[in-house]
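Residue numbers (the working numbering): 67 to 177. Note that CB positions come from ideal geometry on N, CA and C, so glycine has one too. Fair warning: this is a prediction, and the values are worked out from it, not measured in the lab. So the structure is just underneath, and the comments pick up after that.
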Amino acid sequence: MKRCWILTAREKEFIEDWLMVMDGRMDKIYFFKKWSKGKGDFYKDYELFKKGKISLEDFSERWMKKGEWKNLIRVMKYRINLKMRNLEKIMNEIEKEINLMKKFMEVNEWP
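What follows is the structure in structure tokens.
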């Protein structure tokens with residue numbers, strides 16, 4: 067099943083990508099390149115820094131201090147955290163619906 071029941075597809079992809087970074091299956095730079103799209107070109111600036119074409123201070127000024135590229139990541143973390151806080155309520159609602167479906171399936175007469 068492709069459907070995500072609690073997380074959106076984008077939130078699920080974000081979590082899976084970060085877990086791949088933690089497992090060493092994805093480079094952290096690639097993660098930031100993927101999730102900072104539209105906020106500048108992090109990867110291009112990182113490559114320039116590695117080649118010595120821009121200084122650490124310039125790179126830091128663009129990406130560490132401003133933090134514009136962090137907006138999407140910050141929003142994703144907030145949404146996931148909010149769902150974690152509401153998880154008990156969500157689970158209770160799912161259990162109620164499961165019980166309702168079971169009762170419906172057990173009736174002798176169908177509509």
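In the three-state reduction of the DSSP assignment, M92 falls in the coil class, being assigned neither a helical nor a strand state. Put simply, of E77, R91 and I72 the residue whose alpha carbon is nearest the alpha carbon of K143 is E77. Closest by C-alpha distance to W84, out of W71, F98 and K155, is F98.
Beta-carbon to beta-carbon, K149 and I81 are separated by about 11 Å, too far to satisfy the 8 Å threshold.
Annotated three-state conformation of N152 is coil, per DSSP.
Between W176 and I139, the CB-CB gap reaches or exceeds 8 Å. Annotation: the continuous alpha helix (DSSP H) that includes L114 extends over F108 to K117. L138 sits in a helix when the DSSP states are folded into three classes.
In this structure, the CA atom of I164 is about 10 Å from the CA atom of F170. The beta carbons of F115 and F125 sit about 4 Å from each other, so the pair counts as a contact at 8 Å.
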